[in-house]
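One structure below.
Number of protein chains: 2
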Amino acid sequence: MKDQRDQNIPYKIYLNENEMPKAWYNVRADMKKKPAPLLNPQTLEPMKFEELRPVFCDELIKQELDDTTAYFEIPQEIRDFYKMFRPSPLIRAYCLEEKLQTPAKIYYKFEGNNTSGSHKLNSAIAQAYYAKKQGLKGITTETGAGQWGTALSMASAYLGLDCQVYMVKCSYEQKPFRREVMRTYGAKVTPSPSDKTEVGRKILQEHPGTSGSLGCAISEAVEAATNQEGYRYVLGSVLNQVLLHQSIIGLECKVALDKYGIKPDMIIGCAGGGSNLGGLISPFLGEMLRGEADYELIAVEPASCPSLTRGKYAYDYCDTGKVCPLSKMYTLGSNFIPSSSHSGGLRYHGMNSVLSEAYDQGLMKAVSVEQTRVFEAAQEFAKVEGILPAPESSHAIRVAIDEALKCKETGEEKTILFGLTGTGYFDMMAYGKFNDGEMSDYIPTDEELEKSFATLPKIEK
Amino acid sequence: MKDQRDQNIPYKIYLNENEMPKAWYNVRADMKKKPAPLLNPQTLEPMKFEELRPVFCDELIKQELDDTTAYFEIPQEIRDFYKMFRPSPLIRAYCLEEKLQTPAKIYYKFEGNNTSGSHKLNSAIAQAYYAKKQGLKGITTETGAGQWGTALSMASAYLGLDCQVYMVKCSYEQKPFRREVMRTYGAKVTPSPSDKTEVGRKILQEHPGTSGSLGCAISEAVEAATNQEGYRYVLGSVLNQVLLHQSIIGLECKVALDKYGIKPDMIIGCAGGGSNLGGLISPFLGEMLRGEADYELIAVEPASCPSLTRGKYAYDYCDTGKVCPLSKMYTLGSNFIPSSSHSGGLRYHGMNSVLSEAYDQGLMKAVSVEQTRVFEAAQEFAKVEGILPAPESSHAIRVAIDEALKCKETGEEKTILFGLTGTGYFDMMAYGKFNDGEMSDYIPTDEELEKSFATLPKIEK
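First to last, the sequence lines map onto chains A and B.
The opening residue of the first sequence carries number 1 in this note's numbering; numbering runs sequentially from there.
The opening residue of the second sequence carries number 1001 in this note's numbering; numbering runs sequentially from there.
And the structure:
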């Protein structure tokens, strides 16, 4: 039974709808040393607006390439959609603190209270909106764990756009119910690699029986977009436009924290392609860049897919089929596929370029964690906080708990903020494995990584 | 794109934590003609406190038998737990209204934003709390669709109680992931009927290959509770104590509606055992009973399990094994098992006695709907409101949409409130059937019902 609660701070801080941010924040505008530009894989010159037009929506390309405009107004239609599931609550983890007996104060921003089950909907509606505004018929995309595909299906259904999703085959098979959610929203879902695209057929020929990868699904979705009149490709992570849209997470956090006079010492987020982490930390990183405040920023990645902690900072292909622009990022090589024992998402081989640059500049730390410890944290959290977290989000929970336990040893009263990106309702096969004691950890060997690094393009920029 | 919104009414109305009700409301206190008492199946006399003690927790029996106390204070510990997922939002269905082009104003109270996925957690924590307070080791229960079992697992994990769940076999098989959620929260889940109990073995012998029923799972859970030292049985619906705890739904609604000066004309809820509907309408029914206001109250049940619309108002067994007290209720007979084509919950043969009495007194209406029309409504709702609803909740959505469309014809600007009890994330097999066009409807024939009515005990009270 809990009773030691701060009477001034509610369990859940909900902003009013009129307190919601009206503009997204583009942290690149405050970076002195900007992230490296996307390169054209043929010319190795920075990608231009016109070159990206066959693949991406016009307005989104502008957002992607703009590293000087600090704020982009959120169109009213998107703000109205946001009201379906935003503002999301900032929750004080009173019960977890009590359970851990830590002097740390733990907060988490919970993005899972919507049918997509994660923060992905923040960018999905923005991307679908601009596609609709451009008069397109439909959009194509890839999805790994399935949250992004679900989010995009929801946004597309709302706006009456056709939505075609290439779903990484192992997720397609492990998560049949995700597929049904997308279908309920009217999306067409194809397991990737498929024989629907040239790149898919090529990959299937070279790697028969492959369980797929995000990089490969991206290639297929891009090809599908360029081959259909009135279609464009959209992506749920990695890109700067996604970080821009996801900044709504951090901006809401900031308003809520300021309202109650709370200043976090440490901000923790899980990192796959970087969409949630980048969105969460953007406004805080902005303060650091402007010299207004200091925070300890921590990216948490799976030990089985350690792009920041063990990757190289280099230009690399964003996709297996090498049809996308080159991006400078921390990467494991575009051929890297995490071990099949790895459950859940966070399986992309690279990292968003803003986060890569911030990490390279020492503005952000990174740690990697093994999945059995992640599921232990998930279960502990679920039992006391009542929310069954997504495996991805549980990476951040693991490190938040570890940091809170360090505070218990040192007696420090640190304020920890972490991002709880989503719920694990469609990850019960992985939980089942964990419940049955059949979950294993896999850490790629140095040799495996070296082999993968060998595929990096030789570009000195 | 939507723009016709009432600027004075937010999309979601969230109460502040300090506006949350501090007491549950017992509508029986305001009923002149009280619901009939539970009867001892041996003596046919009203059940006494002492007789119920071997099965139920002391405090809960007091609440069950008390039909005069109007308000029961909610213990602080339960209110603290409620803060994890309450206050729940009262949502204005702007997007649905726009889609339907109806002059009706539609509101729904959304109880699905918690890991149990439904309103069941409201009573689960209360029942677990009183069990813990009594110093018990654990509790046993049954679950059908699985929400109740999940909710009780969560509450038990939070309080450190052992939790044993008998899950109706067809749900156990159709919803393996529900079982994993319960196991993640540490519960022991057994498909029912099982060979773990005498009554289970008897049912298996008489009906080999049966897919189980709630009535049968109840019998097993009761037997398991009485056979173990320090255990009691708890139930997620049907009982008056459950309606008491669930009154938090209606009470929060009332506060939120009053805050914005909204008066509903019509209140709609799905009805299985009656827990959600009873909780939602209790305070409004109370106003009607006290002559302070008038509302149109509508219970919606599946056409495949029509206890109010086609049942008899009579004393009946609450469970198949006939180990529980007799209750006077609208019932299809305790042997009634809905067709296996029926998806989702709302499959109990009877109805809570307060609701049965209110229905009998003409204070509440009832309609039944077929499941394909229910899933059509669910899909339409999901696409515009962004929430994928539980099949159970979708019964209320169906009728809310039907009523809103009637308003479109007549031009009436009715204010409709309905209960959105939960999410359908664990019902994707049923959605898949619907997506594949393979869902069928089944309405029991008069002959089938007559056969089932023949099993009613002959009691003239």
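Virtual Cβ for every residue (Gly too), placed ideally from N, Cα, C.
Computed from a predicted structure; not experimentally measured.
Handout entry: Contact check, Ser504 of chain A vs Gly273 of chain A, beta carbons under 8 Å
Key = Only positions 1 to 461 of chain A appear in the structure, and residue 504 of chain A is not among them; the question remains open.
Handout entry: Cβ of Thr184 of chain A within 8 Å of any chain B Cβ
Key = Locating residue 184 of chain A in the first sequence gives position 184, where the first residue counts as 1. Cβ-Cβ to chain B under 8 Å: yes for Thr184 of chain A.
Exercise for the section: For chain B, find out if any of its Cβ atoms is closer than 8 Å to the Cβ of Gly432 of chain A; answer yes or no. Expected result: The sequence position of residue 432 of chain A within the first sequence is 432, counting from 1. For Gly432 of chain A, the answer is yes, since a Cβ of chain B falls inside 8 Å of its Cβ.
Problem - Beta-carbon neighbours of Val1384 of chain B, restricted to chain A and to distances below 9 Å - result: Sequence index remark: in the second sequence, residue 1384 of chain B carries index 384 (1-based). Under the 9 Å cutoff, chain A gives Ala157 and Tyr158.
Problem - Span of the beta strand (DSSP E) around Thr1372 of chain B - result: Along the second sequence, one-based indexing puts residue 1372 of chain B at 372. Looking at the DSSP string, Thr1372 of chain B is not in any beta strand (DSSP E); the run it does join, the alpha helix (DSSP H), is Gln1371 to Glu1385.
Practice task
At 8 Å on the CB atoms, spell out the chain B contacts of Asn114 of chain A, in chain order.
Solution key: One-based indexing of the first sequence puts residue 114 of chain A at position 114. In chain order: Gly1386 and Ile1387.
Practice task
State yes or no: is the beta carbon of Val374 of chain A nearer than 8 Å to at least one beta carbon in chain B?
Solution key: As a working note, residue 374 of chain A is residue 374 in the first sequence. Closer than 8 Å: no.
Practice task
Please look up how many angstroms separate the CB atoms of Leu1100 of chain B and Lys1408 of chain B, rounded, as I've assumed it's under 8 Å.
Solution key: One-based indexing of the second sequence puts residue 1100 of chain B at position 100. One-based indexing of the second sequence puts residue 1408 of chain B at position 408. Right, the Cβ-Cβ distance comes to about 7 Å (below 8 Å), so this counts as a contact.
Problem - Proximal chain B residues relative to Phe426 of chain A, where beta-carbon distance stays under 9 Å - result: Sequence index remark: in the first sequence, residue 426 of chain A carries index 426 (1-based). The contacting residues are Phe1177, Tyr1425 and Met1428.
Exercise for the section: Give a yes or no on whether 8 Å exceeds the smallest Cβ distance from Met1020 of chain B to chain A. Expected result: Walking along the second sequence from the start, residue 1020 of chain B turns up at place 20. No, Met1020 of chain B does not count as interfacial toward chain A.
Problem - Nearest neighbour of Asn1352 of chain B, chosen from B:Thr1226, B:Asn1114, B:Leu1280 and B:Leu1243 [CA to CA] - result: The sequence position of residue 1352 of chain B within the second sequence is 352, counting from 1. Comparing Cα positions, the closest option is B:Leu1243.
Problem - Element boundaries [beta strand (DSSP E), containing Glu1206 of chain B] - result: What you label residue 1206 of chain B is simply residue 206 of the second sequence in a count that begins at 1. Counting along the chain, Glu1206 of chain B falls outside any beta strand (DSSP E), though it belongs to the alpha helix (DSSP H) covering Glu1198 to Glu1206.
Problem - Under 9 Å by beta carbon: chain B residues contacting Asn435 of chain A - result: Here the question's residue 435 of chain A lines up with position 435 in the first sequence. Those are Glu1180, Arg1183 and Thr1184, listed as they occur along chain B.
Practice task
With 8 Å as the threshold, decide whether the Cβ of Lys12 of chain A is near any Cβ in chain B.
Solution key: By 1-based counting over the first sequence, the position of residue 12 of chain A is 12. So, interface residue.
Practice task
Starting from the Cα of Cys324 of chain A, find the closest Cα among A:Asn18, A:Gln7, A:Lys34 and A:Asn40 and give me that residue.
Solution key: Walking along the first sequence from the start, residue 324 of chain A turns up at place 324. It is A:Asn40.
Handout entry: Rounded separation between Leu417 of chain A and Val168 of chain A - CA only
Key = Here residue 417 of chain A is taken as the residue at index 417 of the first sequence, counted from 1. Here residue 168 of chain A is taken as the residue at index 168 of the first sequence, counted from 1. Val168 of chain A has its alpha-carbon roughly 31 Å from the corresponding atom of Leu417 of chain A.
Handout entry: Gly138 of chain A, DSSP secondary structure in three states
Key = In the first sequence, residue 138 of chain A corresponds to position 138, counting from 1. Looking at Gly138 of chain A - three-state DSSP - the assignment turns out to be strand.
Problem - Distance between Gly311 of chain A and Ile459 of chain A (C-alpha atoms, nearest Å) - result: Mapped onto the first sequence, residue 459 of chain A falls at position 459. Mapped onto the first sequence, residue 311 of chain A falls at position 311. Rounded to whole angstroms, Ile459 of chain A to Gly311 of chain A spans 16 Å at the Cα level.
Handout entry: Cross-strand partners of Ser1247 of chain B (DSSP beta bridge)
Key = The residue labelled residue 1247 of chain B in the question sits at position 247 within the second sequence. Partner(s): none; Ser1247 of chain B has no beta bridge.
Practice task
Please decide whether Lys120 of chain A counts as near chain B, where near means a Cβ-Cβ distance under 8 Å.
Solution key: Within the first sequence, the letter at position 120 stands for residue 120 of chain A. Look at Lys120 of chain A: its C-beta is not under 8 Å from any C-beta on chain B.
Handout entry: Partner residues on chain A for Glu1017 of chain B, Cβ-Cβ distance less than 9 Å
Key = The residue given as residue 1017 of chain B occupies position 17 in the second sequence. Ordered by position in chain A, the residues that pass the 9 Å Cβ test against Glu1017 of chain B are Pro10, Tyr11 and Lys12.
Handout entry: Stretch pair the stretch 1215-1223 of chain B + the stretch 1067-1076 of chain B: three plus CB contacts closer than 8 Å
Key = no
Practice task
Give a yes or no on whether the minimum CB-CB distance between Lys2 of chain A and chain B is below 8 Å.
Solution key: Within the first sequence, residue 2 of chain A is the residue found at index 2, counting from 1. Unreliable positioning characterises Lys2 of chain A in this predicted model, as indicated by a pLDDT of 39, which lies under 50. The coordinate reading is nonetheless provided below. Closer than 8 Å: yes.
Practice task
Compute the Euclidean distance between the alpha carbons of Ser123 of chain A and Tyr82 of chain A, then round it to the nearest angstrom.
Solution key: Position 123 of the first sequence, counting from 1, holds the residue named residue 123 of chain A. Position 82 of the first sequence, counting from 1, holds the residue named residue 82 of chain A. In a straight line, the C-alpha of Ser123 of chain A is about 10 Å away from that of Tyr82 of chain A.
Practice task
Assign Ala50 of chain A to one of three DSSP states: helix, strand, or coil.
Solution key: The residue labelled residue 50 of chain A in the question sits at position 50 within the first sequence. Looking at the sequence shown, residue 50 of chain A is not Ala but Glu. If DSSP states are grouped into helix, strand and coil, Glu50 of chain A belongs with the helices.
Handout entry: Cβ neighbours of Ala187 of chain A in the same chain (closer than 6 Å, five flanking residues each side left out)
Key = Residue mapping note: residue 187 of chain A aligns to position 187 of the first sequence, counting from 1. Excluding sequence neighbours, Ala187 of chain A sits near Ser153, Cys163 and Val165.
Exercise for the section: Could you check how far apart the C-beta atoms of Gly422 of chain A and Gly149 of chain A are, in whole angstroms? I think they sit under 8 Å. Expected result: Position 422 of the first sequence holds residue 422 of chain A. Position 149 of the first sequence holds residue 149 of chain A. Gly422 of chain A to Gly149 of chain A, Cβ: 13 Å. No contact.
Handout entry: Residue span of the alpha helix (DSSP H) that contains Arg79 of chain A, given as start and end
Key = Position 79 of the first sequence holds residue 79 of chain A. Gln76 to Tyr82 is the span of the alpha helix (DSSP H), which, as asked, contains Arg79 of chain A.
Problem - Proximity test, Cβ basis, 8 Å: Phe1381 of chain B and chain D - result: Protein chains in the displayed structure are A and B, and chain D is not among them.
Exercise for the section: Kindly identify the DSSP beta-bridge partner or partners of Phe1072 of chain B. Expected result: Reading the second sequence from its first residue, position 72 is the one you call residue 1072 of chain B. Answer is B:Trp1024, bridged to Phe1072 of chain B.
Problem - Proximity to Ala271 of chain A [Cα-Cα], best of A:Thr331, A:Pro10, A:Thr320 and A:Tyr25 - result: Sequence index remark: in the first sequence, residue 271 of chain A carries index 271 (1-based). That would be A:Thr331, whose Cα lies nearest to the Cα of Ala271 of chain A.
Exercise for the section: Note down, in chain order, every chain A residue with its Cβ under 8 Å from the Cβ of Phe1085 of chain B. Expected result: Looking up residue 1085 of chain B in the second sequence gives position 85. Gly386, listed in chain order.
Practice task
Apply the 10 Å Cβ neighbour rule to Gly291 of chain A and answer buried if 16 or more other Cβ atoms are within range, or exposed otherwise.
Solution key: To locate residue 291 of chain A, count along the first sequence from 1; it is residue 291. When all chains shown are included, Gly291 of chain A counts as exposed.
Exercise for the section: Could you run through the stretch 1128-1161 of chain B and flag, in chain order, every residue whose CB is less than 7 Å away from some CB of chain A? Expected result: Met1154, Ala1157 and Tyr1158
Handout entry: Cβ neighbour criterion (16 or more within 10 Å) applied to Ala1366 of chain B
Key = Here residue 1366 of chain B is taken as the residue at index 366 of the second sequence, counted from 1. So Ala1366 of chain B ends up on the buried side.
Handout entry: Proximity winner among A:Asp427, A:Pro457, A:Asp446 and A:Ser452, relative to Tyr172 of chain A (alpha-carbon distances)
Key = Taking the first residue of the first sequence as 1, we reach residue 172 of chain A at position 172. Of the candidates A:Asp427, A:Pro457, A:Asp446 and A:Ser452, the one whose C-alpha sits nearest the C-alpha of Tyr172 of chain A is A:Asp427.
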